[in-house]
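Counting from 1, position 184 in the sequence shown corresponds to residue 273 in the working numbering; the numbering is continuous, with no gaps.
Have a look at the structure below before the remarks.
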Amino acid sequence: MTDADVTALIEREVSERQLGPGARLPTERDLAERSGASRTAVRRALASLEAQGRIIRHVGRGTFVGPARSEPAVALPVQATSPAEIMAVRLLLEPQTMPLVATAATGDDFIEMERCLRGGEAHHEHEEFERWDAAFHRALAAATHNALLIQICDTINGARHQPLWGRLKKRNFTPERLRDYLRDHRDIYEALLDRDGAAAQAHMRAHILRVQANIFGEQT
């Protein structure tokens, strides 16, 4: 039983019981027993859904269906895109979108960015941080309120599932680099909160150059 199987079980639970936002979901133990998956697999599936904003977990209270969200556009196929190509596109695109985010982001967008920031700051294992990292960057794209940019972001995030990309990121993941990434994210967020598109653009460019240097051993 894989994480995807557990995710499918949760999705069926929501659909068949017609659970709306705020409805309580089964416990980790119940999901493990019903799916035959390990508690670890259940936790990974829940962490992924939480990073996507589809569920909300409260310590001591339980797991609940997240707020209703519009369906994202279908991502373009990633095919055989290399990590180097992905990073080149990110460097070309993401810094340039920051001024748009600074002007278009709503209060709800900033709440979502903060949620993703806190998720990343609370999870220091590679796979868990990757989920929150992807969620944060998608929250930034969503804050442009531009369907094409959101679709491109979803395509880039799809590359994270490629084995080569995963190996590169995991091999170069250290506590020190994690702290750098979290600080970068916070700097981007604070600049956007101040509606300072130029500062957010500079912080995003520095962040992507840092990731690129860490993965490929290049100098920024």
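Just so you know, even glycine gets a beta-carbon here, dropped at the ideal spot from N, CA and C.
Given the structure is predicted, the values throughout are model-derived calculations rather than measurements.
8 Å Cβ cutoff met for residue i and residue j
| i | j | result |
| --- | --- | --- |
| Val178 | Ala289 | no |
| Glu105 | Leu114 | no |
| Pro184 | Pro156 | no |
| Glu139 | Gly208 | yes |
| His226 | Ala193 | no |
| Phe322 | Leu282 | Residue 322 lies beyond the range of the chain shown here (90 to 309); nothing can be said about it. |
| Lys259 | His215 | yes |
| Ser124 | Leu108 | no |
Residue i in three-state terms, based on DSSP
| i | result |
| --- | --- |
| Gly208 | helix |
| Thr152 | strand |
| His213 | coil |
| His274 | helix |
| Arg284 | coil |
| His226 | helix |
| Gln107 | coil |
| His296 | helix |
| Arg146 | strand |
| Ala162 | Residue placement at Ala162 is poorly supported in this model, since its pLDDT is 48, which falls under 50; the coordinates still yield a value, given next. The answer is coil: DSSP assigns Ala162 none of H, G, I, E or B. |
Same chain, Cβ closer than 6 Å to residue i, neighbours up to 5 away in sequence not counted
| i | result |
| --- | --- |
| Ala164 | Reliability fails at Ala164, whose pLDDT of 48 lies under 50, so the model's placement of it is uncertain and the value that follows must be treated cautiously. Answer for Ala164: Asp243, Thr244 and Gly247, listed in chain order. |
| Ala310 | No answer is possible for residue 310: it lies beyond the span of the chain, which begins at 90 and ends at 309. |
| Ala280 | Ala288, Ala289 and His292 |
| Arg150 | none |
Presumed contact (8 Å Cβ cut-off) between residue i and residue j, rounded CB distance
| i | j | result |
| --- | --- | --- |
| Leu257 | Ile304 | 5 Å |
| Gly142 | Glu217 | With a Cβ gap of about 16 Å, Gly142 and Glu217 do not count as contacting. |
| Pro188 | Gly286 | 3 Å |
| Ser127 | Arg220 | Actually they are not in contact, since the Cβ atoms of Ser127 and Arg220 sit about 18 Å apart, beyond 8 Å. |
Own chain partners of residue i with C-beta closer than 8 Å, once the 5 adjacent residues on each side are dropped
| i | result |
| --- | --- |
| Asn261 | Asn303 and Ile304 |
| Arg275 | Leu206 |
| Ile297 | Met176, Arg179, Leu180, Glu183 and Pro184 |
| Arg284 | Ala191 and Thr192 |
| Glu203 | Tyr278 |
| Ile144 | Ile99, Leu114, Leu135, Leu138, Thr152, Phe153, Val154 and Gly155 |
| Glu210 | Leu271 |
7 Å CB neighbourhood of residue i in its chain, flanking five on each side removed
| i | result |
| --- | --- |
| Arg146 | Leu135, Glu139 and Thr152 |
| Ala121 | Ser127, Arg128 and Val131 |
| Ala112 | Phe153 and Val154 |
| Thr170 | Ala248 |
Check: Does the segment 231 to 243 come within contact of the segment 259 to 269, defined as at least 3 CB pairs closer than 8 Å?
Finding: The segment 231 to 243 makes no contact with the segment 259 to 269; the number of CB pairs closer than 8 Å stays below 3.
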